[in-house]
């Protein structure tokens, strides 16, 4: 298996994985392939994107991916802690799970984080995702019990701005 940053030659298969990811979060809600491809090319892989898409490939087939970005800490100025890696998404195609692909992706992300001066990797997981939680804990990750995650959607954002 080869793990590395997404290449242009992998983009069509990446669209397939993004569609599968969408179906994972929104079962039965169809999404236009062209829309997903344009989003991948123009935004996720666009010149202003901070996202790095990491793919796992075997025999020419993409099996899964991780989406990461790096940020600087506002609180930790020490060189060993001033950068952080954020794992936005880790997704392995359902029929390829439990084959070490998630581990390989996380190992690549960990190496990338260290190589880029990151002192930690942060991510969130749905509280109902027992399989994902068990996987992350098997890697040595710890639950950050004193943090909560909040979200505003477009309507709430508009209400906040008074629009």
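In the UniProt record's numbering, the protein residues as written are 1 to 163.
No residue lacks a Cβ here, since even glycine has one placed at the ideal position from N, Cα and C.
Given the structure is predicted, the values throughout are model-derived calculations rather than measurements.
Worksheet entry | Separation of residue 40 from residue 23, as counted between CA atoms | 16 angstroms
Practice prompt. Classify residue 37 as helix, strand or coil using the three-state DSSP reduction.
Written response: helix
Discussion item. Just to confirm the assignment, what range does the alpha helix (DSSP H) spanning residue 21 have?
Written reply: 11-25
Worksheet item: Any idea what DSSP makes of residue 72, helix, strand or coil?
Response: Three-state result, residue 72: strand.
Worksheet item: Does residue 49 come within less than 9 angstroms of chain C when only Cβ atoms are used?
Response: Of the protein chains in this structure there is only one, and it is not chain C.
Worksheet entry | Three-way DSSP call (helix, strand, coil) for residue 121 in this model | strand
Discussion item. I'd like to know if the stretch 55-63 and the stretch 3-13 are in contact, where contact means that at least 3 CB-CB pairs between them fall below 8 angstroms.
Written reply: yes
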